[in-house]
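Participant: Protein chains in written order, with this note's numbering: chain D, 1 to 221; chain U, 1001 to 1235; chain Y, 2001 to 2228.
Idealized CB from N, CA, C, for every residue including glycine.
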Amino acid sequence: MSQFLAALRKDLLLQWRTRSQLVAVFVFGASALLLFSFAIGPNAAALREFAGGFLWLALLLASTLALADSFESEMSQHALEGLLLLPADPRALYYGKAVANLLQLTLLGAALVPVMVVLYDAGTARVPALLGIIVLGAAGLSAPGTLYAAMTAQVRARNTLLPLLLFPLVVPALLGAVKATSLVILGDPMGQLGAWTGLLVAFDVIYWSLCGLVFERVVED
Amino acid sequence: MGKGGWPFAVAGLGLALLVWGSIWGLAFAPREQYMGDVQRIMYVHVPTAWNALLALTFGFGCAVAFLLRGGWRWDARHEAAIEVGVVLGALLCFQGAIWAKPTWGVWWDWDPRLTTTAVMVFAFSGILALRRFVEDPARRAVWSAVATVIAFVDVPIVYFSVNWWNSLHQLQSTPATVSSAFHWPLRINAFGVLFLMSGWIWLRARLAAERLEGELAPPLGGIELAQRQPLGGTS
Amino acid sequence: MPPLAVETTGLSRRYGRRWALSDVSLRVPAGSVVMLAGRNGSGKSTLLRVLATALRPDHGSATVAGHDVRHERDQVRRAVALLGHHSFHYEALTARENLEIAASFLGRPTRSSLLERVGLEARADDPVSSFSAGMRKRLALARVLLQDAAVVLLDEPYGELDPPGFALLDRVIAELRSRAATVIMATHLVDRGRALCDHALLLEEGRLVWSGAAAEMPAEAPGGSARV
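#1: Can Y/Leu-2154 and Y/Ala-2180 be called in contact, C-beta distance under 8 angstroms?
#2: At which residue ranges does the stretch 105 to 152 of chain D contain complete beta strand (DSSP E) runs of 3 or more residues, listed in the order of the chain?
#3: Can a CB atom of chain Y be found closer than 8 angstroms to the CB of D/Glu-216?
#4: Name, please, each residue of chain U whose Cβ falls closer than 8 angstroms to the Cβ of D/Arg-156.
#5: Could you tell me the distance, in whole angstroms, from the CA atom of U/Trp-1072 to the CA atom of U/Arg-1206?
#6: Please classify D/Ala-149 as buried or exposed, where buried requires at least 16 neighbouring CB atoms within 10 angstroms.
#7: Run through the DSSP bridge pairs and tell me what Y/Ala-2081 is partnered with.
#8: Please report the residue range of the alpha helix (DSSP H) in which U/Gly-1071 lies.
#9: Count the other CB atoms, across all protein chains shown, that sit within 10 Å of the CB of D/Met-1; report buried if there are 16 or more and exposed otherwise.
#10: Nearest-angstrom Cα distance between Y/Leu-2098 and Y/Arg-2138?
#11: Could you have a look at U/Leu-1114 and say whether DSSP puts it in helix, strand or coil?
#12: Using the C-alpha atoms, what's the distance from D/Leu-175 back to D/Leu-204?
#13: Can D/Lys-97 and D/Ala-173 be called in contact, C-beta distance under 8 angstroms?
#14: Check for me: the beta strand (DSSP E) holding Y/Trp-2210 runs from which residue to which?
#15: With a 10 Å radius around its C-beta and 16 neighbouring C-beta atoms as the bar for buried, classify D/Arg-222 as buried or exposed.
#16: Any idea if U/Asp-1111 is buried or exposed, counting beta-carbon neighbours within 10 angstroms, 16 or more meaning buried?
#17: Nearest chain D C-beta to Y/Ala-2052 closer than 8 angstroms, yes or no?
#18: When burial is assigned at 16 or more other CB atoms within 10 Å of the CB, is D/Leu-5 buried or exposed?
#19: With burial defined as no fewer than 16 other Cβ atoms inside 10 Å of the residue's Cβ, what is the status of Y/Asp-2148: buried or exposed?
#20: In chain D, which residues lie with their C-beta within 7 angstroms of the C-beta of U/Gly-1126?
#21: Check whether the Cβ atoms of Y/Val-2033 and Y/Leu-2196 sit closer than 8 angstroms, and answer yes or no.
#22: Could you name the residues of the same chain whose beta carbon sits closer than 8 angstroms to that of Y/Leu-2189, not counting the 5 residues immediately before and after it, in chain order?
#23: Can the beta-carbon of Y/Ala-2081 be found less than 8 angstroms from the beta-carbon of Y/Val-2128?
#24: What does D/Thr-18 reach in chain Y if we use C-beta pairs closer than 8 angstroms?
#25: What are the start and end residues of the beta strand (DSSP E) that includes Y/Val-2034?
#26: Let me know if Y/Arg-2227 comes out buried or exposed under the rule of 16 or more other beta-carbons within 10 Å of its beta-carbon.
#27: If you measure from the beta carbon of D/Lys-10 to each beta carbon in chain Y, is any gap under 8 angstroms?
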């Protein structure tokens, strides 16, 4: 547990030091939201209907940049290996990084919400619910994303491999997050929000456990 | 026939069964009441579906075996199973499109099973790409096995979520039930594809094992050591 | 600490088609200072990394500080500190922060005095990305000292250091010897090694071709192959 806290502290410190990169990733996500709107055109009703989907697509694309960045500093001087040799528990290192990535993706998602509200006229009064969905969805991206980022940071063609591996895998989390977000924005007459949130929670529980278990095989010889 | 010939024999048997079952199903089985001749694609579509899932499940088993027990043979079988599974999955989507166009007028109808198959084809193709980009054989084996375990666990979750997502829009799904008059050609074809696929995986695993042998240094055998004296003696 | 700090039997490790280490059997008594010599590509770094459990052996066995490198990896890691080719630093963080992180994982209080010891106190709060190669080496040395290990593995430690850095390293090795730590140092500086070390091991193409007292180490590998 103390190693997990040490890892989390280390990762938050690293994120704070490289926070200018996060700003760049946010700009990327915001431009994606803008470009997506051109696919629909100035049709207010359609824009509002698909806002949830586009928010999550933008966040998904931005996440590949943020996740890849999170392992950049671990690999350039083999810092991760250095920690493992101290010894450090690989699971603590994984969960520290995954939680730090979760916080970063939640921040990104929350920052993209006002962009979505403005561009798509997709506001909602249910802000806590929306935030909750962003946390759960970000968790779904962060768990497998941290694992695959650790893997692909060690090979060439890493920028292509990470999305290639991650995108098909997170389809259920994406579906759940998109549906839940749309329900919050457009209204939920049949009370389906709980069910979609349940799907997100199930995905998160399964992958946060599984990825932590196998992380060691990915970073050790 | 020597030891090397068995996979060819198995595949050959599979091909023969497939030809028999297909001719029966396509030319001689009774015409389906509501859908007409287009329904005959079920004779290849359903066996392909069963075997695609079987190949990927076998691949998952090989990945777990490799992670728990090691051994290059499991890695070779893993690679073969995934590759065959991807090809069968892609074939499945192609068959689904052929069926959907005359029936619904569109190439893709978001049927939960086909959509799940499409997602898994992408997922496992990504794993095959991962294998291409990792040069060290040991890393390649471990990493792709981990990726297969993670992707396979996702299969039921993807199916469940797509099914649910689809049902809210009340789209028709590809019918799965086939009445008894059609069973025999279906069973023959199912076994046909099974044997063909098994022979194919077997051959492909053999190719993968041969390539691994080429990549790894030959094992050390009785090498004499030019050591003068072990340290820790008198010095 | 058992009488043998390191013992290997038939240790082998491959990289693709090449055996980087080939059937290496050696014994290092506890408390000794050993020079590991050999040309580039002879397997020195690989041997040190296997002993540090950064790499797993493909064949054979190795015991470090009484623990097996394959099955008791964490115990070996607790007893061993490696000064390797990679500095293990976070470039974006300061020297002090890097040391604090290492200390937090070791479960010990950090020792900023170590930064003084290695001559980095003036730059302790500058990001490592601004450091020269020699300064990074000094920080890596501080990290090794923090670990307070029974077996210290040094891979070309004199590389990148300036003359004061050489003197620092000599002092550190003397101090490690005085507290009965075992030191294995891979180096090209044969004369220095002969002066500082008790024993020497000579590797050539992954094999151990000579071992004995450091003072007697030959200038050439037996069999007339090139100078070390």
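Facilitator: Quick look at the numbers:
#1: Your numbering for residue 2154 of chain Y matches position 154 in the third sequence. Your numbering for residue 2180 of chain Y matches position 180 in the third sequence. Taking 8 angstroms as the Cβ cut-off, Y/Leu-2154 and Y/Ala-2180 do not qualify as a contacting pair.
#2: none
#3: Within the first sequence, numbered from 1, the residue matching residue 216 of chain D stands at position 216. No, D/Glu-216 lies away from the interface with chain Y (no Cβ there is under 8 angstroms from its Cβ).
#4: Indexing the first sequence from 1 puts residue 156 of chain D at position 156. Simply Phe-1133.
#5: Along the second sequence, read from residue 1 onward, the residue named residue 1072 of chain U stands at position 72. Along the second sequence, read from residue 1 onward, the residue named residue 1206 of chain U stands at position 206. Each residue's alpha carbon lies about 11 angstroms from the other.
#6: Numbered from its first residue, the first sequence carries residue 149 of chain D at position 149. D/Ala-149 comes out buried.
#7: Locating residue 2081 of chain Y in the third sequence gives position 81, counting from the first residue. Per DSSP, Y/Val-2152.
#8: Looking up residue 1071 of chain U in the second sequence gives position 71. Run containing U/Gly-1071: none; DSSP gives neither H nor E here.
#9: Counted from its first residue, the first sequence places residue 1 of chain D at position 1. Exposed, since its Cβ has fewer than 16 Cβ neighbours within 10 Å.
#10: Reading the third sequence from its first residue, position 98 is the one you call residue 2098 of chain Y. Reading the third sequence from its first residue, position 138 is the one you call residue 2138 of chain Y. Per the sequence shown, residue 2098 of chain Y should be read as Asn rather than Leu. Cα to Cα, the separation comes out at about 13 angstroms.
#11: In the second sequence, the residue the question calls residue 1114 of chain U occupies position 114. Here U/Leu-1114 sits in helix by DSSP.
#12: Locating residue 204 of chain D in the first sequence gives position 204, where the first residue counts as 1. Locating residue 175 of chain D in the first sequence gives position 175, where the first residue counts as 1. According to the sequence displayed, residue 204 of chain D carries Asp and not Leu. Near 13 angstroms, if we compare the C-alpha coordinates of D/Leu-175 and D/Asp-204.
#13: Here residue 97 of chain D refers to the residue found at position 97 when the first sequence is read from its first residue. Here residue 173 of chain D refers to the residue found at position 173 when the first sequence is read from its first residue. No; because the gap between Cβ atoms is not below 8 angstroms, this pair is not in contact.
#14: Here residue 2210 of chain Y corresponds to residue number 210 of the third sequence, with the count starting at 1. Segment 2207 to 2213, the beta strand (DSSP E) holding Y/Trp-2210.
#15: A query on residue 222 of chain D cannot be resolved here, the shown segment of chain D reaching from 1 to 221 and no further.
#16: On the second sequence, position 111 is the one that residue 1111 of chain U refers to. The residue is buried, with at least 16 neighbouring Cβ atoms inside 10 Å.
#17: One-based indexing of the third sequence puts residue 2052 of chain Y at position 52. At least one chain D Cβ lies under 8 angstroms of Y/Ala-2052.
#18: Taking the first residue of the first sequence as position 1, residue 5 of chain D is located at position 5. With fewer than 16 other Cβ atoms within 10 Å, it is exposed.
#19: As a position in the third sequence, residue 2148 of chain Y is number 148, starting the count at 1. It is exposed - the Cβ of Y/Asp-2148 has fewer than 16 other Cβ atoms within 10 Å.
#20: If you number the second sequence from 1, residue 1126 of chain U lands on position 126. Within 7 angstroms Cβ-Cβ: Leu-164, Leu-165, Pro-168.
#21: The count along the third sequence starts at 1 and reaches residue 2033 of chain Y at position 33. The count along the third sequence starts at 1 and reaches residue 2196 of chain Y at position 196. Closer than 8 angstroms, so yes.
#22: In the third sequence, counting from the first residue as 1, residue 2189 of chain Y sits at position 189. Correct list, in chain order: Tyr-2158.
#23: Against the third sequence, residue 2081 of chain Y aligns to sequence position 81. Against the third sequence, residue 2128 of chain Y aligns to sequence position 128. Contact flag unset, no.
#24: By 1-based counting over the first sequence, the position of residue 18 of chain D is 18. Residues of chain Y passing the Cβ test: Ala-2092.
#25: The count along the third sequence starts at 1 and reaches residue 2034 of chain Y at position 34. It spans 2033 to 2037 - the beta strand (DSSP E) in which Y/Val-2034 sits, taken as one unbroken run.
#26: Counting from 1 along the third sequence, the entry for residue 2227 of chain Y is found at position 227. Since pLDDT at Y/Arg-2227 reaches only 46, below the 50 mark, its modelled position is unreliable, and the value read off the structure follows with that caveat. Exposed: under 16 other Cβ atoms inside 10 Å.
#27: Within the first sequence, the letter at position 10 stands for residue 10 of chain D. Answer yes: the Cβ-Cβ gap between D/Lys-10 and chain Y drops below 8 angstroms somewhere.
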